[in-house]
Ligand code: FAM
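Numbering (the working numbering), first residue to last: 80 to 507.
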């Protein structure tokens, strides 16, 4: 058995023991009460899901297993996937074995390129990524084995096979999308000597891409990997997979959720926002001018991209990690300077705007990531959510593998109509 499979197997035993304990303590214990505002308000704050890959604390941000952002941001994405799915970082030997396995599976089938090359020239890169994954659905090992008849307790093993096949192909697929959509369409071959993020950088073929760009990409792919279970993309992916639609369907569905401007597309919108400020006011903009500009945007009914969060109530530690990277590697870049200046004015404005209705006035990960990519030569901001997606697929995969391994059932919350609410609750 491969180390990752063994690691997941052992982790599932631990998680199942914990669940047994939780159930013994009280299966009917109340966790959360749901009020009408929450039913109509996107279920915000309703605790209704178990997700064992990661946890977002409102005040300390993303935790993966026992690690906070500061403790894992220096790792490789492969190590992060191992951590998400087994609860532990791999030993050097297991990491090498895992990377080797991914290399063996990296070849993207020719028909995927045919599909992507036949799309309209201006197709959004996120559509291409989602479609690229979905077009390979016929390769699903889970689907093939399910049709033959497999035991429920083994579902996770075939979901893992699908996950490895998808993850292995992602750098080639994402880089190919970049080269078809923004370059001359000539693909650069995968290099088995490079690691997962190193390969993505290599196959993107960005001219003048220096060592810091490779470091940035590794950090980017690590920081976006997972954000617990209730965010739009992870939840969508889990719901789809809970119907035993295989991982190709589930990953593609999750990516479709990520493509929205309130979620993964915010980094694209964020950079557009920053470039506009650069064009209209320059990176020498004063605090007063910037405050007036931000207030104008808010008064026109728009959100400030990169600020706010459904769960976080502090500056996102992932933003802080990017900010540190920017200080160390490109403190003179215009975009970085503007992103930093926004950080010094936006939170105070948002705190007092809409009578304090904005729950979190602080920056999330998107407020800085695009500025750094732009500085290092990746200037096609339509592409940024693809990078977010490449990273987040690790979370989708790990969450679904563990959920299958724990035998979690189909997800099916109950909905009601206004009429039902009016007739059954004292709200008339
Ligand atoms: N600028 C202006 N208004 C904002 C705001 C922002 N950055 N963030 C929240 N608000 C408003 C929000 O629109 C809502 O107003 P209405 O009641 O008039 O609709 C009000 O404040 C209360 O919202 P909330 O409870 O503070 O936030 P939500 O949990 O509903 O929404 C976000 C969370 C992230 C969708 C929201 O903060 C937002 O739209 N931010 C800007 C877009 C963004 O940065 N998205 C990226 C999120 C990131 F985590 C990711 O997925 N990559």
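Built from N, CA and C at the ideal position, the CB exists for glycine as well.
Legend entry - Inter-residue Cα distance where the pair is residue 439 and residue 399: 16 Å
Inset, instruction - Answer yes or no: the CB of residue 142 versus the heavy atoms of the ligand FAM, is any distance below 7 Å? - result: For the ligand FAM, not one heavy atom lies less than 7 Å from the Cβ of residue 142.
Inset, instruction - May I ask which residues mark the beginning and end of the beta strand (DSSP E) holding residue 327? - result: It is not in any beta strand (DSSP E) - residue 327 instead sits in the alpha helix (DSSP H) that spans 326-337.
Inset, instruction - For residue 480, verify whether its CB is less than 7 Å away from any heavy atom of the ligand FAM. - result: no
Legend entry - Residues that residue 276 bridges to, as DSSP identifies them: Answer is none; residue 276 lacks a bridge partner.
Legend entry - Cβ-Cβ distance between residue 274 and residue 170 below 8 Å: no
Legend entry - Neighbourhood of residue 131 by C-beta, 6 Å cutoff - its chain only, sequence neighbours within 5 removed: 94, 481
Inset, instruction - Out of 143, 446, 304, 268, point me to the one whose CA is closest to residue 382's CA. - result: 446
Legend entry - For residue 427 and residue 151, the rounded distance between their alpha carbons: 30 Å
Legend entry - Candidates 81, 159, 83, 90, of which the one nearest residue 474 by Cα: For residue 474, the nearest C-alpha among the options comes from 159.
Legend entry - Spatially closest choice to residue 409 from 281, 451, 88, 374, by CA coordinates: Nearest of 281, 451, 88, 374 to residue 409, Cα basis: 451.
Inset, instruction - Please state if the CB of residue 328 and the CB of residue 319 are separated by a distance shorter than 8 Å. - result: yes
Inset, instruction - Can you check DSSP and say which residues form a bridge with residue 142? - result: 134, 147
Inset, instruction - Could you spell out the range, first to last residue, of the alpha helix (DSSP H) harbouring residue 291? - result: Element bounds for residue 291: 290-302.
Inset, instruction - Over the uninterrupted alpha helix (DSSP H) stretch that includes residue 217, give me the two end residues. - result: Element bounds for residue 217: n/a, residue is neither H nor E.
Inset, instruction - State the beta-bridge partners of residue 386 as determined by DSSP. - result: Answer is 442, bridged to residue 386.
Legend entry - Beta-carbon proximity of residue 334 to residue 251, cut-off 8 Å: no
Legend entry - Where residue 250 falls: helix, strand or coil (DSSP): helix
Inset, instruction - Tell whether a beta-carbon distance below 8 Å holds between residue 140 and residue 395. - result: Yes, the Cβ-Cβ distance between residue 140 and residue 395 is below 8 Å.
Legend entry - Element boundaries [alpha helix (DSSP H), containing residue 100]: 82-105
Inset, instruction - Please confirm if the region 276-285 is in contact with the region 353-363, defined as three or more CB-CB distances below 8 Å between the two stretches. - result: No, they do not touch.
Legend entry - Cβ-Cβ distance between residue 472 and residue 330 below 8 Å: yes
Legend entry - Which listed residue (464, 247, 315) has its alpha carbon closest to that of residue 345: 464
Inset, instruction - Go to residue 347, then tell me how far its alpha helix (DSSP H) extends in each direction, as first and last residue. - result: 345-360
Legend entry - residue 122 - DSSP class collapsed to helix/strand/coil: coil
Inset, instruction - Report yes if the CB atom of residue 256 is closer than 8 Å to the CB atom of residue 300, and no otherwise. - result: Between residue 256 and residue 300, the gap from beta carbon to beta carbon reaches 8 Å or more.
Inset, instruction - Go through its chain and collect everything with a Cβ distance to residue 469's Cβ below 6 Å, but skip five positions before and after it. - result: 249, 253
Inset, instruction - Report whether the distance from the Cβ of residue 185 to the nearest heavy atom of the ligand FAM is below 7 Å. - result: no
Legend entry - Validate contact between the region 234-249 and the region 494-503 using beta carbons, cut 8 Å, 3 pairs: no
Legend entry - Assigned secondary structure, residue 202 (DSSP; H/G/I helix, E/B strand, else coil): coil
Legend entry - the ligand FAM heavy atom lying under 7 Å from the CB of residue 509: Limits of the chain in this structure are 80 at one end and 507 at the other, which puts residue 509 out of reach.
Legend entry - Given 8 Å, three or more beta-carbon pairs between the region 455-464 and the region 114-121: no
Inset, instruction - Give me the Cβ distance between residue 350 and residue 343, rounded to the nearest whole Å; I'm assuming they're in contact under 8 Å. - result: Residue 350 to residue 343, Cβ: 13 Å. No contact.
Inset, instruction - Please confirm whether residue 241 and residue 214 have their CB atoms less than 8 Å apart. - result: no
Inset, instruction - Please work out which residues of its chain come closer than 8 Å, Cβ to Cβ, to residue 26, disregarding the five sequence neighbours upstream and downstream, and give them in chain order. - result: This structure cannot settle anything about residue 26, because the visible part of the chain is limited to 80 through 507.
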